[in-house]
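Residue numbers (the numbering used here): 455 to 568.
Ideal Cβ positions, reconstructed from N, Cα and C, are used throughout, including at glycine.
On a predicted model such as this, the values are computed, not experimentally measured, just so you know.
Each remark here refers to the structure printed beneath this line.
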C-alpha cells in the first residue's frame, strides 16, 4: 500500500472555532485514525475501546471505534497498527490520520446541523 501522507501538509486548524446561537464547532486534534476492514472488525477492538458507535450516536472518550460498515471501522486514537494486511487477524489496516477532519459539536441546535 502506497503511503502518500508526506505529499501535503496538514491544514492548521488550531485557531478555528465557530460559535453561533445554540451551537459551537471546534476541531479535534487526534494522535491517529486507522481504517480497519475485515470480517469481525467492529468486535476486534471492543475490549480496548468499547463497542463501535454509529450514526447518530456521539463518540465519547479519548479513543473510540466508529462503525462505517458491517466489516469496516475507523479507530480514533486507538492502538498504533502497522499498515497492510494482518494475516493473524484477517484485517486490512490503513493509516488515515491525515485523511479525515474531526469536529466537536456542542449546543442544543446540533440536530439542525446534522
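| Query | Result |
| --- | --- |
| Contact the region 501-508 vs the region 518-532: 3+ CB pairs below 8 Å | yes |
| Backbone CA spacing between residue 510 and residue 560 [nearest angstrom] | 14 Å |
| Straight-line gap, residue 399 to residue 551 (C-alpha atoms, nearest Å) | This structure gives no information on residue 399, because the portion of the chain shown stretches from 455 to 568. |
| CA nearest to the CA of residue 497, picked from 553, 556, 528 and 460 | 528 |
| Secondary structure, beta strand (DSSP E): runs of 3+ residues fully inside the region 478-505 | 487-491 |
| Local Cβ density within 10 Å of residue 557, reported as buried at 16 or more and exposed below that | exposed |
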